Amino acid sequence: VQRANTGVTMATMEPQSSFDRQSRQLLAAVLAGRRDRVALLLDTGRARASCADPEGTSPLMLAAAAGDAAIARDLLRRGAPVNQRRRSGATALFYACQAGRADLAELLLSNGADPSLPVSGRLGGSPLMAAAQNGHADCLRLLLSAGAPVDWRGAGADGATALQLACWHDRRQCAQLLLAAGARPLLARRDGATPLSAAAQRGSADLCRALLSAAPEFSSAASPADLAAVGAALLRACRAGHTEAVRAILNCGGRPFPAGHFGACLHAAALFGHSDTAEVLLAAGASPVAQDSSGRLPADCALAGGHSELHQRLLGLETEASLLQQREQLDGPRRPSELSASMAGGEAEFACNDLPGEQGFTDFGDDCDLW
């Protein structure tokens, strides 16, 4: 929020719109922290607490974004609508949570602020998502206590949840609060990414453990979709070489992840030269003679990536018979790998040449400095 140079005086003028000179003066006074000036404009009737600029920015929104609890309280006493919305859909509560001002969030909630009102702009969002993304745990607690929907998905391109944003930004305390409130760790956004895949790609082993321990849907009888979601997260951790995150996922909250669903994880670790990760996978049962969808072995991927030591290590694990058998298959017609044949229900096969790239989560926010 920036201070505005309004270039106006206290001269009286006939209102020509809902955003007249006096309204502009009121917004400028809020931005400047001029509590006395705010009171004068409101008490003399020169401006209304419910006024807004052409973008819908209200005095209460500016006070919340600036973290000025005293002015926010004065505005509420003088009738400022607590749920007034900007054109983007943002409210004063959204700005308070985005700024991490728990005192203001509590003030607004106690005056009837609705924690479920979303931002409807290009990126979408909600007060809960703003608090989670920015690591404001105190605001998050208040919102959850007030009934904010924990798994609401943003209206923007991602369709992410608050838990996904907390995991992507490694906001561990916020993630734990969301999990305790019932957020689902394997709930996917529009492109299939889950909170677990976000934590895995960022290399947060602690978050991976917490997410899997809190996943009631994941058990020895997990659905193909759940197995695929965990496998996709494991693949991302392997690609990035986050060995501790790989260990955490393999342990799967005390329920070891079945080796038959490793997919191309060993291939990914080999291609990018992550020897420690490869050793962890091998110890967990990954096969050094499993083919990817292009018929390549993990050793082939290590060689393609220029990792000679890992290539030799993987070659040494192949028996002569299995090596000859795999090479003969490479020379003949390609067939689905042993892994993909064992995975039913439409689970994705991750070929070495189709490994996922870096997958991010779009940050969102809304600035009320446009007037």
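Taking the UniProt record's numbering, the leading residue of the sequence shown gets 1, the next gets one more, and so forth.
By construction, the Cβ of each residue, glycine as well, lies at the ideal position given by its N, Cα and C atoms.
Just so you know, these numbers come straight off a predicted model, no measurement behind them.
Exercise. Which value, in whole angstroms, describes the spacing of the CA atoms of Asp103 and Arg171?
Worked result: When rounded, the distance between both Cα atoms is 20 Å.
Problem set entry | Residues near Cys167 in its chain [Cβ-Cβ closer than 6 Å; skip 5 each side] | Ala175, Pro195, Ala198, Ala199 and Leu207.
Exercise. Roughly how many angstroms separate the alpha carbons of Ala232 and Leu62, rounded to a whole number?
Worked result: Distance between the alpha carbons of Ala232 and Leu62 is about 42 Å.
Exercise. Which word fits Ala225, buried or exposed, when buried means at least 16 other C-beta atoms lie within 10 angstroms of its C-beta?
Worked result: Exposed, by the Cβ-count rule.
Exercise. Taking the alpha helix (DSSP H) that His267 falls in, what are its first and last residues?
Worked result: Per DSSP, His267 is one residue of the alpha helix (DSSP H) stretching across Cys265 to Leu271.
For this session: Taking all protein chains shown into account, decide if Ala58 is buried (16 or more other Cβ within 10 angstroms of its Cβ) or exposed.
Result: Checking the sequence, you will find Ser at residue 58 rather than Ala. So Ser58 counts as buried.
Exercise. Going along the chain, which residues of its own chain have a beta-carbon closer than 7 Å to the beta-carbon of Asp151, five neighbours each way excluded?
Worked result: For Asp151, where only same-chain residues beyond five positions count, the Cβ hits under 7 Å are Thr161, Ala183, Arg184 and Leu187.
Exercise. For the putative contact between Ala237 and Leu271, defined by C-beta atoms under 8 Å, what is the C-beta separation to the nearest angstrom?
Worked result: About 14 Å; that fails the 8 Å criterion.
Problem set entry | Length of the line joining the Cα atoms of Ala49 and Leu143 | Straight-line spacing of the CA atoms in Ala49 and Leu143 works out to 25 Å.
Problem set entry | His274: first and last residue of the uninterrupted alpha helix (DSSP H) it sits in | Under the DSSP assignment, His274 falls outside any alpha helix (DSSP H); it carries neither an H nor an E label.
Exercise. Cα separation between Ala66 and Leu31?
Worked result: Here the C-alpha atom of Ala66 lies approximately 7 Å from the C-alpha atom of Leu31.
Problem set entry | Simplified DSSP assignment, three categories, for Asp20 | DSSP places Asp20 in coil when its eight states are reduced to three.
Exercise. Relative to the alpha-carbon of Ala203, which residue among Gly159, Ile249 and Leu177 has its alpha-carbon at the smallest distance?
Worked result: Looking at the sequence itself, residue 203 is Gly, so the reference to Ala does not match. Closest option to Gly203, judged by alpha-carbon separation, among Gly159, Ile249 and Leu177: Ile249.
Exercise. When DSSP builds the beta bridges, which residues end up paired with Val119?
Worked result: Per DSSP, Gly125.
Exercise. Should Ser293 go down as buried or exposed, given a rule of 16 or more other Cβ atoms within 10 Å for buried?
Worked result: Counting every other CB atom within 10 Å of its CB across the protein chains shown gives Ser293 a total of 16 or more, marking it as buried.
Problem set entry | Assigned secondary structure, Phe94 (DSSP; H/G/I helix, E/B strand, else coil) | Under the three-state reduction of DSSP output, Phe94 falls in the helix class.
Problem set entry | Gly231 - DSSP class collapsed to helix/strand/coil | Gly231 carries a helical assignment under DSSP once its states are collapsed to helix, strand and coil.
Exercise. Straight-line CA distance for Cys265 to Arg313?
Worked result: Cα to Cα, Cys265 sits roughly 16 Å from Arg313.
Exercise. If we count the other Cβ atoms within 10 Å of its Cβ and call it buried at 16 or more, is Pro298 buried or exposed?
Worked result: Buried, by the Cβ-count rule.
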